[in-house]
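Heads up: the structure comes next, in structure tokens.
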Amino acid sequence: AQSVTQLGSHVSVSEGALVLLRCNYSSSVPPYLFWYVQYPNQGLQLLLKYTSAATLVKGINGFEAEFKKSETSFHLTKPSAHMSDAAEYFCAVNRMDSSYKLIFGSGTRLLVRP
Amino acid sequence: DGGITQSPKYLFRKEGQNVTLSCEQNLNHDAMYWYRQDPGQGLRLIYYSQIVNDFQKGDIAEGYSVSREKKESFPLTVTSAQKNPTAFYLCASSTGVPEAFFGQGTRLTVV
């Protein structure tokens, strides 16, 4: 069965510091992987997605993620954190059936200190 | 602008009452989904529909019901059988691409 694990329910960084949010997946076949961002009391917005093309994926707001098959990881990074990056981030993998249903990790809340 | 509209944004339910959450999309997407979000648990799939007049249970369908009479609409009813309905509910849609587009959510609280 497919699954997604996000390490760290809370991550705190200083403004201007590197952001690293970890995501590991379990899948018996090459997956599609996603990172979504959620601001308080709002829906989810797609940051970026991996669909078996380039392993380094660039997304919106300066975020990027690298698909590493050997490590079954898809960590999200941003070189320099901004106060506006404070939000909850979800990693997701698509289910391997005929639908496009997603399996989500439990989320990581990013706190940015001034 | 195309998008997914959920209403209401906040909803209060009394014990034993059924309530219906609205989800409308004008993206011309075939598939629609309902997720439930609880703190620290991520999103869990309640129901999904890939085509009009057809829908399937997700991982936590007990106490919920849906209908899909129109392509644009996928309402979710939280019935009195759902013993712990307080949560944030998110509707999503997709079509032919492996990603989902989300509405702004409805926060349901039992009073």
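For the protein sequence lines, the chains are E and C, in the order given. The first sequence stops at residue 119 when you use the numbering used here, and every number in between is there. The second sequence stops at residue 1451 when you use the numbering used here, and every number in between is there. Even for Gly, the Cβ is constructed at its ideal location relative to N, Cα and C.
C-beta atoms of residue i and residue j nearer than 7 Å
| i | j | result |
| --- | --- | --- |
| C:P1415 | C:S1362 | yes |
| E:V62 | E:L53 | yes |
| C:T1371 | C:Y1387 | Correcting the residue type first, residue 1371 of chain C is Ala in the shown sequence and not Thr. Against a cut-off of 7 Å, the Cβ pair of C:Y1387 and C:A1371 comes out as no contact. |
| C:V1450 | C:T1426 | yes |
| C:S1433 | C:H1369 | yes |
| C:Q1422 | C:G1403 | yes |
| C:V1359 | C:V1406 | no |
| E:G48 | C:L1367 | no |
| E:Y37 | E:T56 | yes |
| E:N99 | C:P1438 | yes |
| E:L107 | E:A91 | no |
| C:G1382 | E:S111 | yes |
| C:Q1357 | C:I1344 | no |
Helix, strand or coil at residue i [DSSP, three-state]
| i | result |
| --- | --- |
| E:I65 | helix |
| C:D1399 | coil |
| E:D90 | helix |
| C:R1384 | strand |
| C:S1405 | strand |
| E:N99 | strand |
| E:H15 | strand |
| E:S31 | strand |
| C:F1414 | coil |
| C:L1367 | coil |
| C:S1362 | strand |
| C:T1345 | strand |
Min CB distance residue i to chain E below 7 Å
| i | result |
| --- | --- |
| C:L1351 | no |
| C:F1395 | no |
| C:Y1388 | yes |
| C:L1454 | Lying before the first or after the last residue shown, residue 1454 of chain C is absent from chain C, which here runs from 1341 to 1451. |
| C:G1342 | no |
| C:E1402 | no |
| C:E1412 | no |
| C:G1356 | no |
| C:Q1444 | yes |
| C:A1421 | no |
| C:A1440 | yes |
Nonlocal neighbours in the same chain, by C-beta distance under 6 Å from residue i, ignoring five residues either side
| i | result |
| --- | --- |
| C:F1428 | Q1377, G1445, R1447 |
| E:S85 | G21 |
| E:F109 | F95, A97 |
| C:F1442 | L1430, A1432 |
Same chain, Cβ closer than 7 Å to residue i, five either side skipped, listed in chain order
| i | result |
| --- | --- |
| E:S31 | Q7, S8, T77 |
| E:G13 | R27, T113 |
| E:Q43 | L49, A92, E93, F95 |
Closer than 7 Å to chain C by CB, residue i
| i | result |
| --- | --- |
| E:F68 | no |
| E:L21 | Note that residue 21 of chain E is Gly in the sequence shown, not Leu. No, E:G21 lies away from the interface with chain C (no Cβ there is under 7 Å from its Cβ). |
| E:Q4 | The question about residue 4 of chain E has no answer, for chain E in this structure spans 6 to 119. |
| E:F79 | no |
| E:G13 | no |
| E:F5 | This structure does not reach residue 5 of chain E, given that chain E is present from 6 up to 119, and the question cannot be answered. |
| E:K83 | no |
| E:Y30 | no |
| E:G112 | yes |
Cβ neighbours of residue i in the same chain (closer than 8 Å, five flanking residues each side left out)
| i | result |
| --- | --- |
| E:L23 | T82, K83, P84, S85, A86 |
| E:E69 | L53, L61, V62, K63, L81, T82, K83 |
| C:R1353 | V1359, V1418, P1425, L1448, T1449, V1450, V1451 |
Near the ligand GTP: residue i beta-carbon under 6 Å from a heavy atom
| i | result |
| --- | --- |
| E:S31 | Although the ligand GTP was asked about, the structure shown includes no ligands whatsoever. |
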